[in-house]
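Per the working numbering, the sequence shown starts with residue 266, numbered consecutively.
Right, one structure below, let's go through it.
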Amino acid sequence: MDKAKTARIIGCGSYLPEKILDNKKLESMVETSDEWIVSRTGISERRMANAEEHTSTMGISAAKKAIAQAKIDPLDIDLIIVATCTPDYLFPSTGAIIQREVGAKNAAAFDLQAACTGYLFALSIAKGYIESGNYKNILIVASEKISSIVDYKDRNTCILFGDGASASVISDEGKGLEIRNVSLGTDGNHANLLILPGGGSRIPSTEESVKSKKHYLKMEGREVFKHAVRIMESAAKQCLGRVGVSEEEISWLVPHQANIRIITAIAKRFGLPIEKVYRTVHKYGNTSASGVAIALEELLQEKNVAKNDNILLVAFGSGLTWGASLLTQN
Ligand code: ACO
266 MDKAKTARII GCGSYLPEKI LDNKKLESMV ETSDEWIVSR TGISERRMAN
316 AEEHTSTMGI SAAKKAIAQA KIDPLDIDLI IVATCTPDYL FPSTGAIIQR
366 EVGAKNAAAF DLQAACTGYL FALSIAKGYI ESGNYKNILI VASEKISSIV
416 DYKDRNTCIL FGDGASASVI SDEGKGLEIR NVSLGTDGNH ANLLILPGGG
466 SRIPSTEESV KSKKHYLKME GREVFKHAVR IMESAAKQCL GRVGVSEEEI
516 SWLVPHQANI RIITAIAKRF GLPIEKVYRT VHKYGNTSAS GVAIALEELL
566 QEKNVAKNDN ILLVAFGSGL TWGASLLTQN
């Protein structure tokens, strides 16, 4: 009988545009202040893609780093999953463009959309495919050019978001972070809390849809906030329960980087000192699907993650969607 397969993250990469949009600049764009933004969100600056940087190109840069770190041949990649809510086009998929540019010509590719939880949804699919023996090497790319759907006249949203990409190679072979469990959830009752109304089949692009700003994301921030902490706590507890790991055994928490107040509240609920919670929100803001894996990559670069350390990822997003994953270094 074949030995049981174990899905692991064996390579990570990320890409952040060089251009910085700081709070001072935002003060000149909308009625806000550095003090308000920092105290309410913890964000000081975020990255902005330039006209030549797209969800695909940022994703390609992140993917190349992840593939190099994993030391695999792009021809050995079987599947590419791109998590994004800001694809280059509605079709073809951003996955198809990335497949071409990284030279993974033996890979199938598709996009998935679970907003800020996209990386965790992709991780769950990758784990399933690897452990069933269907595929050997899977590339996940989470990339967002969220600036393309943000209204820079709307102070409720424009202060929060930034652009960026992350990528991971998942395989049964090689050393890395074992994906012990991924727990996911959705509650469509709150689908309207965070929405991009225009550009789909319900409100196609017209002169009128542009004039009435239907192509910008709309968010009921206070309502989203109320659900975020509760949702991430229960997702994380479900995931820990499924693998039988206690809260005390968490070495690092890597939460979705939406707001420092949400992050601090989660840390408190798990009794974790803030030093054990990896944060990038101050410098990148909310980069949607890519955020958790950008933070994970930086954690691996900067901190001494030791054998058997447990890393808990947790995220939430539009849908509402949520997810948590426990990774163990081996
Ligand atoms: N600058 C100054 N004042 C502002 C700004 C701003 N940028 N934005 C709002 N205000 C004002 C409001 O108008 C309001 O004024 P009022 O009391 O006179 O009406 C006051 O500040 C307080 O507004 P609230 O909305 O209550 O502020 P809150 O403390 O809730 O912070 C925020 C707002 C930061 C949006 C918060 O609710 C939040 O982080 N929510 C979660 C959002 C989130 O995580 N979204 C991403 C989900 S993931 C995904 O799928 C993309």
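Ideal Cβ placement from N, Cα and C applies to all residues, glycine included.
Taking C-beta atoms as the reference points, K479 and I468 count as a pair closer than 7 Å. K572 carries a coil assignment under DSSP once its states are collapsed to helix, strand and coil. Cα atoms of E485 and P282: separation of roughly 28 Å, rounded to the nearest angstrom. By the C-beta density criterion, D428 is buried, having at least 16 other C-beta atoms within 10 angstroms. Closest by C-alpha distance to E512, out of Q522, H521 and A501, is A501. P520 has V579 as its beta-bridge partners, per DSSP. DSSP places E409 within a strand segment (E or B) once states are collapsed to three. L385 is the residue among L385, I325, K330 and N371 whose C-alpha sits nearest the C-alpha of A348. Given a length threshold of 3 residues, each whole run of the beta strand (DSSP E) inside the stretch 342-376 is given here in chain order: 344-348.
Proximity to S321 across E514, S431, R507 and G550 peaks at S431, based on C-alpha coordinates.
Note that the stretch 581-593 touches the stretch 439-456; at least 3 beta-carbon pairs, one per stretch, sit closer than 8 Å. Inter-residue distance for K329 and H455 is about 37 Å (C-alpha atoms, whole angstroms). Going by DSSP, R445 is part of the beta strand (DSSP E) stretching over L442 to T451.
Secondary structure note for A333: its alpha helix (DSSP H) is the uninterrupted segment T320 to A335.
Between E366 and K533, the alpha-carbon positions lie close to 43 Å from each other. Under the three-state reduction of DSSP output, Y481 falls in the coil class, being neither helix nor strand.
Take D416, set aside five residues on each side of it, and the residues of its chain with a beta-carbon closer than 7 Å to its own are T422, C423, K478 and Y481, in chain order. E396 places its beta carbon 7 Å or farther from that of A558.
Separation of I342 and N371 (C-alpha to C-alpha, rounded to the nearest whole angstrom) is 7 Å.
Beta-carbon to beta-carbon, K270 and G441 are separated by about 14 Å, too far to satisfy the 8 Å threshold.
The stretch 375-382 makes contact with the stretch 356-366, as at least three CB pairs between them are under 8 Å. Closest by C-alpha distance to H547, out of F426, M497 and L537, is F426.
DSSP, reduced to helix, strand and coil, places S304 within a helical segment of the structure shown. At least one heavy atom of the ligand ACO lies less than 6 Å from the C-beta of R420. I332 and E472 have their C-alpha atoms some 43 Å from each other. Going by beta carbons, Y549 and R312 fall inside the 7 Å limit.
When secondary structure is reduced to three states using DSSP, Y549 falls in the helix class.
The straight-line gap separating the alpha-carbon atoms of L561 and A407 is approximately 12 Å. Taking 6 Å as the cut-off, the C-beta of N595 does not count as close to any heavy atom of the ligand ACO. Secondary structure of I515 (DSSP, three-state): coil.
In this structure, L537 has its beta carbon at no less than 6 Å from each heavy atom of the ligand ACO.
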